[in-house]
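Number of protein chains: 2
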Amino acid sequence: MVNDKVNVAVLGATGAVGREFLRIFAARSFPVGNLRLFASARSAGQTVDYLGNSISIEDAATADWAGVDYAFFSAGAGRSREYAPIANAAGCTVIDNSSAFRMDDQVPLIVPEVNGDRLPSDAKLVANPNCTAAILCTAIAPIERRARIARLVVSTYQSASGGGAAVMEELRAQTEATLAGREIMPEVLPHPYAFNLFSHNTPIGEDGFNEEESKVIAETRRMMGRPDLAINVTCVRVPVMRAHSESITIEFEGAAPSEEDIRQWLNEAPGVRVVDDRANNHFPMPSEASGTDDVLVGRIRRDPSHPNAVLLFVSGDQLLKGAALNAVQIAETLIRLRS
Amino acid sequence: MVNDKVNVAVLGATGAVGREFLRIFAARSFPVGNLRLFASARSAGQTVDYLGNSISIEDAATADWAGVDYAFFSAGAGRSREYAPIANAAGCTVIDNSSAFRMDDQVPLIVPEVNGDRLPSDAKLVANPNCTAAILCTAIAPIERRARIARLVVSTYQSASGGGAAVMEELRAQTEATLAGREIMPEVLPHPYAFNLFSHNTPIGEDGFNEEESKVIAETRRMMGRPDLAINVTCVRVPVMRAHSESITIEFEGAAPSEEDIRQWLNEAPGVRVVDDRANNHFPMPSEASGTDDVLVGRIRRDPSHPNAVLLFVSGDQLLKGAALNAVQIAETLIRLRS
Numbered sequence: 176m177v178n179d180k181v182n183v184a185v186l187g188a189t190g191a192v193g194r195e196f197l198r199i200f201a202a203r204s205f206p207v208g209n210l211r212l213f214a215s216a217r218s219a220g221q222t223v224d225y226l227g228n229s230i231s232i233e234d235a236a237t238a239d240w241a242g243v244d245y246a247f248f249s250a251g252a253g254r255s256r257e258y259a260p261i262a263n264a265a266g267c268t269v270i271d272n273s274s275a276f277r278m279d280d281q282v283p284l285i286v287p288e289v290n291g292d293r294l295p296s297d298a299k300l301v302a303n304p305n306c307t308a309a310i311l312c313t314a315i316a317p318i319e320r321r322a323r324i325a326r327l328v329v330s331t332y333q334s335a336s337g338g339g340a341a342v343m344e345e346l347r348a349q350t351e352a353t354l355a356g357r358e359i360m361p362e363v364l365p366h367p368y369a370f371n372l373f374s375h376n377t378p379i380g381e382d383g384f385n386e387e388e389s390k391v392i393a394e395t396r397r398m399m400g401r402p403d404l405a406i407n408v409t410c411v412r413v414p415v416m417r418a419h420s421e422s423i424t425i426e427f428e429g430a431a432p433s434e435e436d437i438r439q440w441l442n443e444a445p446g447v448r449v450v451d452d453r454a455n456n457h458f459p460m461p462s463e464a465s466g467t468d469d470v471l472v473g474r475i476r477r478d479p480s481h482p483n484a485v486l487l488f489v490s491g492d493q494l495l496k497g498a499a500l501n502a503v504q505i506a507e508t509l510i511r512l513r514s
Numbered sequence: 176m177v178n179d180k181v182n183v184a185v186l187g188a189t190g191a192v193g194r195e196f197l198r199i200f201a202a203r204s205f206p207v208g209n210l211r212l213f214a215s216a217r218s219a220g221q222t223v224d225y226l227g228n229s230i231s232i233e234d235a236a237t238a239d240w241a242g243v244d245y246a247f248f249s250a251g252a253g254r255s256r257e258y259a260p261i262a263n264a265a266g267c268t269v270i271d272n273s274s275a276f277r278m279d280d281q282v283p284l285i286v287p288e289v290n291g292d293r294l295p296s297d298a299k300l301v302a303n304p305n306c307t308a309a310i311l312c313t314a315i316a317p318i319e320r321r322a323r324i325a326r327l328v329v330s331t332y333q334s335a336s337g338g339g340a341a342v343m344e345e346l347r348a349q350t351e352a353t354l355a356g357r358e359i360m361p362e363v364l365p366h367p368y369a370f371n372l373f374s375h376n377t378p379i380g381e382d383g384f385n386e387e388e389s390k391v392i393a394e395t396r397r398m399m400g401r402p403d404l405a406i407n408v409t410c411v412r413v414p415v416m417r418a419h420s421e422s423i424t425i426e427f428e429g430a431a432p433s434e435e436d437i438r439q440w441l442n443e444a445p446g447v448r449v450v451d452d453r454a455n456n457h458f459p460m461p462s463e464a465s466g467t468d469d470v471l472v473g474r475i476r477r478d479p480s481h482p483n484a485v486l487l488f489v490s491g492d493q494l495l496k497g498a499a500l501n502a503v504q505i506a507e508t509l510i511r512l513r514s
């Protein structure tokens, strides 16, 4: 890099996460030099506006990655496996939002506020975690730093955006049809979504856990540096557009910290905002987390059912801290380390 | 009673639960003799159709309860406290859906499948439990009978119907407005409800738990006959019309039963239907629980984070097993005991 700007590419530029990258670059004044947008052949040739410039979408299959400093991948695990080696070979640092490399020991899995100190400055490929795991770890890491966690019990309330733009559109269209009294026919998802909820629609393993749950468990352990951390997760899709919520029971190895201590640790933590106003019944909710960089944390209270446990309720924007924002923060960390 | 029919009254006949009573009477061939409908003065004089008969709504404030055998109350705790003694004095058995008497030692709190054996035949006042507690206990009682539970961790996904007809209408109207791009203004609830969720909107106690959560804890302990049962509950309102769902971790005092045993116990239990098809990703969800008498139970799996624990996911119709159906089943139990 001969100046302060970096040349950037987005793979999956037409998706829900891809579109979010452009807003985040602008909002954070990310030092974008040349910007290139890649997608499937179907979208190639379309143009997208970025800060007044019309940028033409290129076909990812024939992309030449030369000259790109940082590439943000958000086009599914298959395309990540296909294109990451090519982009790396062209000298490009890839920050990958898919699950392709998250459990690869050679690839750092990073939330900067959680384990940014374990990001090597020369990393050419960095994995961006599962959205639910990223939001969970952002909320609990400031606590784990002071009081060692023994076990987590998590139930999620996951938004449509986790399934991409098509699922968000399905929720919108189905809800409209339901209100109009029209028959609905699920297309993208296996179950009706309007005014409904269901167990996360990923395949179920031998142990009865679906892939989303298994990812949250494995990635949380990896990011927290706690390979044996006891954790159970139930992932549920709810009819909310773009923020995930999580109900969390934290059991500690020793005595539970006080509610006041936890509130203070979270208040001081980057990437977290405490929303815990009992008098006004005001706690984290998707309507306030959506479009917000911080993960909202509240309902901090002692668990009456366990001597060493505390409960939390968390909401975070699935497309921001759960995806594009965290990826951009990884790039910002690398730029800082490399400057 | 000179014949097999009983004279019935419904207090709160115009509410979401009240209207459900009439459907249930008809669907179950409940032996309704004379039917009287009571509501506030505002609704008095309106008529309601029941099996082809037009029934005029009477003002509850001036009601004469003489001749009523069974009265179903669903008009809030204040009205229950006011009218239950009057109805009892007139010889009427009251089954009360409010929270007024649920923790009164003199008043049985009953889900027939859970603790119907503790319903005295001469009970003149019986409390119908909180909807979330009723659905929870229906699901776990068949398990507790064979394997003693040490602790429950519950996160809920509660529907609009729990707040009554006005909240259901608020969800519908807000969602319509949101889809049309119109500004929304919460009226009944404190927070936006369309495509949103929030911590249950009941006042928060000193311990950080809201009233709904405290009810679920206290009533579950009472119905299960386990005054010291360890339990934590997080109650969340989700944009679903009329079925509550619950994510449940059950820790046992001894070794956890096998998934197969639990599935069999639940399959044999009245009031429960196992929906646990891993291959087709088909589990309990509100769209299938709504309008269904049974509580749906699935996602039965060992908890990888605890040697003696099992997880479940449950959906039940808030207006049926969570309210009107259970009240009618209490009356059916009394009729049987008294015949």
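Chains A and B, in that order, give the protein sequences.
In this text, residue positions in the first sequence follow my numbering: the first is 176, and each later residue adds one.
In this text, residue positions in the second sequence follow my numbering: the first is 176, and each later residue adds one.
Every residue, glycine too, gets a C-beta built ideally from N, C-alpha and C.
Looking at chain B, is there any beta carbon in it that lies within less than 9 Å of the beta carbon of A:S433? Here residue 433 of chain A is taken as the residue at index 258 of the first sequence, counted from 1. No, no contact with chain B.
For the segment 328–400 of chain B, which segments carrying the alpha helix (DSSP H) assignment without a break, of at least 4 residues, lie completely within its bounds, in sequence order? 340–354 and 386–399
Please tell me whether B:T268 and B:L509 are closer than 9 Å, where the distance is taken between their beta carbons. Along the second sequence, read from residue 1 onward, the residue named residue 268 of chain B stands at position 93. Along the second sequence, read from residue 1 onward, the residue named residue 509 of chain B stands at position 334. Against a cut-off of 9 Å, the Cβ pair of B:L509 and B:T268 comes out as a contact.
In or out: A:E515 buried (at least 16 other Cβ within 10 Å) or exposed? Residue 515 of chain A lies beyond the range of chain A shown here (176 to 514); nothing can be said about it.
Classification of B:K180 by the beta-carbon crowding that lies within 10 angstroms, buried from 16 upward: Counting from one through the second sequence, the residue named residue 180 of chain B turns up at place 5. Result: exposed.
Coarse secondary structure for B:N455, derived from DSSP in three states: As a first step, residue 455 of chain B is located in the second sequence; it is residue number 280 there, counting from the start. Looking at B:N455 - three-state DSSP - the assignment turns out to be coil, as it is neither helix nor strand.
Contact set for A:L486: own chain, Cβ-Cβ below 6 Å, skip 5 residues either direction: Start at 1 with the first residue of the first sequence, and residue 486 of chain A comes out as number 311. Contacts found: T424, R476 and D478.
Members of the segment 367–383 of chain B that neighbour chain A once the beta carbon cut-off is set at 7 Å: P367, F370, N371, L372, F373, S374, N376, I379, D382 and G383
What alpha helix (DSSP H) runs, 4 residues minimum, are completely inside the segment 417–464 of chain A? 434–443 and 461–464
Where DSSP assigns a beta bridge to B:D234, which residues make up the other side? Here residue 234 of chain B is taken as the residue at index 59 of the second sequence, counted from 1. In the DSSP output, where bridge partners are listed per residue, B:D234 has B:A214.
Name the two residues that bound the continuous beta strand (DSSP E) containing A:N263. Locating residue 263 of chain A in the first sequence gives position 88, where the first residue counts as 1. Counting along the chain, A:N263 falls outside any beta strand (DSSP E), though it belongs to the alpha helix (DSSP H) covering A252 to A264.
Taking 9 Å as the cut-off, decide whether the C-beta atoms of A:S249 and A:A498 are in contact. One-based indexing of the first sequence puts residue 249 of chain A at position 74. One-based indexing of the first sequence puts residue 498 of chain A at position 323. Contact flag set, yes.
For chain B, check one thing: does any of its Cβ atoms lie closer than 9 Å to the Cβ of A:A430? Here residue 430 of chain A refers to the residue found at position 255 when the first sequence is read from its first residue. No, A:A430 lies away from the interface with chain B (no Cβ there is under 9 Å from its Cβ).
Simplified DSSP assignment, three categories, for B:N182: Counted from its first residue, the second sequence places residue 182 of chain B at position 7. If DSSP states are grouped into helix, strand and coil, B:N182 belongs with the strands.
Distance, B:S255 Cα to B:S273 Cα: Here residue 273 of chain B corresponds to residue number 98 of the second sequence, with the count starting at 1. Here residue 255 of chain B corresponds to residue number 80 of the second sequence, with the count starting at 1. Roughly 7 Å separates the two Cα atoms.
Could you tell me whether any Cβ in chain A is nearer than 9 Å to the Cβ of B:I475? Working through the second sequence from its first residue, we reach residue 475 of chain B at position 300. For B:I475, the answer is yes, since a Cβ of chain A falls inside 9 Å of its Cβ.
Chain B residues whose Cβ lies nearer than 8 Å to that of A:S336: For this step, residue 336 of chain A is matched to residue 161 along the first sequence. Those do not exist, as A:S336 stays about 11 Å from chain B at its closest Cβ, beyond 8 Å.
Step through the CB atoms of chain A and report whether any lies within less than 9 Å of the CB of B:A506. Position 331 of the second sequence, counted from the first residue, corresponds to residue 506 of chain B. Not closer than 9 Å to any Cβ of chain A, the Cβ of B:A506 fails to qualify, so no.
Alpha carbon of A:I379 to alpha carbon of A:E319, nearest angstrom: Numbered from its first residue, the first sequence carries residue 379 of chain A at position 204. Numbered from its first residue, the first sequence carries residue 319 of chain A at position 144. Using only the alpha carbons, I get a separation of about 30 Å.
Using the DSSP secondary-structure output, state which residues sit across from A:L486 in a beta bridge. In the first sequence, counting from the first residue as 1, residue 486 of chain A sits at position 311. DSSP output for A:L486 lists A:T424 and A:R476 as bridge partner(s).
A:P295 - DSSP class collapsed to helix/strand/coil: As a working mapping, residue 295 of chain A is identified with position 120 in the first sequence. In this structure, A:P295 counts as coil in the three-state DSSP scheme.
Quick check on A:Y332 - is its C-beta less than 9 Å from some C-beta in chain B? Position 157 of the first sequence holds residue 332 of chain A. A:Y332 counts as touching chain B.
Which of helix, strand or coil DSSP assigns to B:L509: For the purposes of this step, residue 509 of chain B is taken as the residue at position 334 of the second sequence. Three-state result, B:L509: helix.
Sort out for me which residues DSSP pairs B:F276 with in a bridge. Within the second sequence, the letter at position 101 stands for residue 276 of chain B. Its beta-bridge partners do not exist; DSSP assigns none.
Are there 16 or more other CB atoms within 10 angstroms of the CB of A:E233, so buried, or fewer, so exposed? Along the first sequence, read from residue 1 onward, the residue named residue 233 of chain A stands at position 58. That one is buried.
Look up B:T313 in the DSSP assignment and say whether it is helix, strand or coil. By 1-based counting over the second sequence, the position of residue 313 of chain B is 138. B:T313 falls in the helix class under three-state DSSP.
Do we get a CB-CB distance below 9 Å when we pair A:T350 with the residues of chain B? Taking the first residue of the first sequence as position 1, residue 350 of chain A is located at position 175. Judged by the 9 Å Cβ criterion, A:T350 is in contact with chain B.
For B:V185, which residues of its own chain have a beta-carbon under 6 Å away from its beta-carbon, when the five flanking residues on both sides are left out? If you number the second sequence from 1, residue 185 of chain B lands on position 10. So the list reads G193, F196, L212 and F247, once near-sequence residues are dropped.
Own chain partners of A:Q349 with C-beta closer than 8 Å, once the 5 adjacent residues on each side are dropped: Position 174 of the first sequence, counted from the start, is the residue given in the question as residue 349 of chain A. Cβ within range, chain order: I359, P361, P367, Y368 and A369.
In chain A, which residues lie less than 7 Å from B:P361 when you measure between Cβ atoms? Taking the second sequence and counting its residues from 1, the one referred to as residue 361 of chain B is at position 186. Per Cβ cutoff of 7 Å: no residues; B:P361 is ~10 Å from chain A at best.
Examine chain B for any beta-carbon lying closer than 9 Å to the beta-carbon of A:S204, and answer yes or no. On the first sequence, residue 204 of chain A is found 29 positions in, with the first residue counted as 1. With 9 Å as the cut-off, A:S204 does not count as an interface residue toward chain B.
Would DSSP call B:F241 helix, strand or coil? As a working mapping, residue 241 of chain B is identified with position 66 in the second sequence. The sequence given here places Ala at residue 241 of chain B; Phe does not occur at that position. In the structure shown, B:A241 sits in coil (DSSP, three-state: anything other than H, G, I, E or B).
Would B:L495 and B:I199 qualify as a contact pair, given that the criterion is a beta-carbon distance under 9 Å? Taking the first residue of the second sequence as position 1, residue 495 of chain B is located at position 320. Taking the first residue of the second sequence as position 1, residue 199 of chain B is located at position 24. Yes, these two residues count as a Cβ contact at 9 Å.
For B:I285, does the three-state DSSP call read helix, strand or coil? In the second sequence, residue 285 of chain B corresponds to position 110, counting from 1. It is coil, neither helix nor strand.
9 Å is my cut-off, CB to CB: does A:P461 come that close to chain B? Taking the first sequence and counting its residues from 1, the one referred to as residue 461 of chain A is at position 286. It does; some Cβ of chain B falls within 9 Å.
Go ahead and label B:N455 buried or exposed: buried means 16 or more other beta carbons lie within 10 angstroms of its beta carbon, across all protein chains shown. As a first step, residue 455 of chain B must be located in the second sequence, where it is residue number 280. Exposed, since its Cβ has fewer than 16 Cβ neighbours within 10 Å.
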